[in-house]
Every structure is written in C-alpha cells, then in structure tokens.
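I have placed the structure first, in the form of structure tokens, so that the comments after it can refer back to it.
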Amino acid sequence: MSWSVLAFILATLFALLLYLSHRAARVDWQRKGINWIDGLVRLLCKHVHHLDDSQQIPLPATGPAIVVANHVSGLDPFLLISACRRPLRFLIAREEYERPGLHWLFKASGCIPVDRAGRPEKALRQALRALEQGEVIALFPHGKIHLDSDPPLKIKGGVARLAIWSQAAIYPVRIAGVKGEGQVAFAPFMPGKVKLTMHQPLRCDVADMKLCLAEITEAISAGTANRT
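Per our numbering, the sequence shown starts with residue 13, numbered consecutively.
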C-alpha cells in the first residue's frame, strides 16, 4: 500500500469521525472544538460503555443546578456530560487543571480549578458566580476516586454551601458498571455496561446542612434505588 493511499484512508476516516461527532453533539459549548469533543464523548459512552440515551439527568432547561456523583474512574466526567443536555462546569483539582496537554481543554470547557492545599474557597466563589448566572456546576463531593470497597469517606461540605448560597437544586447521580473502576487514563477505553441512577433533586437548608450532606451521601452510595 502506497503512502498516498494510506494518507487518503486516514484522512477519510478522520473526516468521517468529525462528521459523526458533529452529528452526535447535543450541547452548544460556545466553541466549535469543544462541541466536536462533546459529540465524540457521547459516541464513546454510547458505543463503548453502552450508556442508554434514556439515562438523562433531569435538569431544568434553564437556571442554576448542581450535579453530584460518586467518583470511580476517569470515565465519570464523560458519563455526566453524556447524560446532560446542558454544558457542565466541573470543579477539579488545580493540579489536574494545570496538567500539560490538557490545560487548554479544561479551560475551554469552563472547568473551575480547586486549590485544595491553599484557598479552596476561591473556587467556591467562582462556582457561585456561575450558578448566579444560571449555569450548571458538576462535582464529585468525595473529592477523589472512591470505590465502594474503600473505607467510608465523608463528602466535602462545599456542595451544600453552594446549594444554600445559590438556592440551586442538587441532582445526585449514582455511577455503576464502570469496567475500569479505579483507573483514570485507561477507564474511558475499557468497554463496559454503565448504569446511571438518577435521584430526585435535593434542596439544602442552612438550618440542617448535615441532613443535606447525609442525603447526598445516601443517593450516591451503593444500594440506592432509581427514584426517577
């Protein structure tokens, strides 16, 4: 096979991938490149991880909302993106946000870096401003990958404070069936049959923040039933 034929085949496959990703995109991220990645992520979750189109987080069409989920792998953000019809602004650790090669993507998609060793409240203020502008914030309240087999870990209280300050509802999601549990880079490419369990929106009250955190913990923990 000549190099020209190989180049033609590769160019054709790339063009086909661009076309399919464009067709699969469901959200306008205000950037063409990110819209294309949105479609690519949805194709990956549908065909590699068998995420059903009916598994959608019941977000309102407009207005602020907070999406929370258990965190089992590097695939998790892709699953939440695929289960939404609105852009998600993820809170992520600053060391991940500044990772070479990926910083541009995190910045372009509106991720909010959290300085866990310094001033995490700065990220909360930025997230609050986004909620006040009617955007959707997504986060993993355990703060890191935490499997069902791991010792119990309290979730971070920042999610409750955000909900109280913004009066936004919290939409809990339980992620299960990920083949690459505990993996980060390889998890998106390990075929599996993922199931997302959606729960009724929660409201946090300043008088009982502990109850709010307990309800979130229950919703994203093992053994919870689908209540949609």
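No residue lacks a Cβ here, since even glycine has one placed at the ideal position from N, Cα and C. A quick note: this is a predicted structure, and the numbers were derived from the prediction, not measured.
How many Å lie between residue i and residue j at the Cα?
{"i": "P132", "j": "S233", "result": "25 Å"}
{"i": "P200", "j": "H62", "result": "12 Å"}
{"i": "G113", "j": "A219", "result": "44 Å"}
{"i": "I78", "j": "V190", "result": "23 Å"}
{"i": "K166", "j": "R141", "result": "26 Å"}
{"i": "D217", "j": "R173", "result": "9 Å"}
{"i": "A73", "j": "L28", "result": "31 Å"}
{"i": "K207", "j": "C57", "result": "11 Å"}
Does the Cβ of residue i have 16 or more other Cβ atoms within 10 Å, making it buried, or fewer, making it exposed?
{"i": "R239", "result": "Note that R239 scores 45 on pLDDT, short of 50, meaning its location in the model is unreliable; the coordinates nonetheless yield the value given after this. Burial call: exposed."}
{"i": "D65", "result": "exposed"}
{"i": "Q192", "result": "This sequence places Gly at residue 192; Gln is not what is there. Buried, since its Cβ has 16 or more Cβ neighbours within 10 Å."}
{"i": "T209", "result": "buried"}
{"i": "P76", "result": "buried"}
{"i": "S245", "result": "Only positions 13 to 240 of the chain appear in the structure, and residue 245 is not among them; the question remains open."}
{"i": "S16", "result": "exposed"}
{"i": "P164", "result": "exposed"}
{"i": "A237", "result": "Note that A237 scores a pLDDT of 47, beneath 50, so its modelled location is shaky and nothing firm can be said."}
Could you pull the start and end residues of the alpha helix (DSSP H) that residue i belongs to?
{"i": "K207", "result": "From DSSP, K207 is part of no alpha helix (DSSP H) but of the beta strand (DSSP E) over K207 to M210."}
{"i": "R128", "result": "Premise fails: R128 is in no alpha helix (DSSP H) and is neither H nor E."}
Considering just the uninterrupted stretch of the beta strand (DSSP E) at residue i, what are its terminal residues?
{"i": "R137", "result": "Note, R137: premise wrong, no beta strand (DSSP E); alpha helix (DSSP H) at P132 to E144."}
{"i": "A105", "result": "L100 to A105"}
{"i": "L151", "result": "V148 to L151"}
From the DSSP output, which residues share a beta bridge with residue i?
{"i": "R186", "result": "T209"}
{"i": "I49", "result": "Beta-bridge pairing links I49 to no other residue."}
How close, in whole Å, do the beta carbons of residue i and residue j come, if the pair is a contact with beta carbons under 8 Å?
{"i": "P213", "j": "V148", "result": "Not quite, the Cβ-Cβ distance comes to about 12 Å (not below 8 Å), so this is no contact."}
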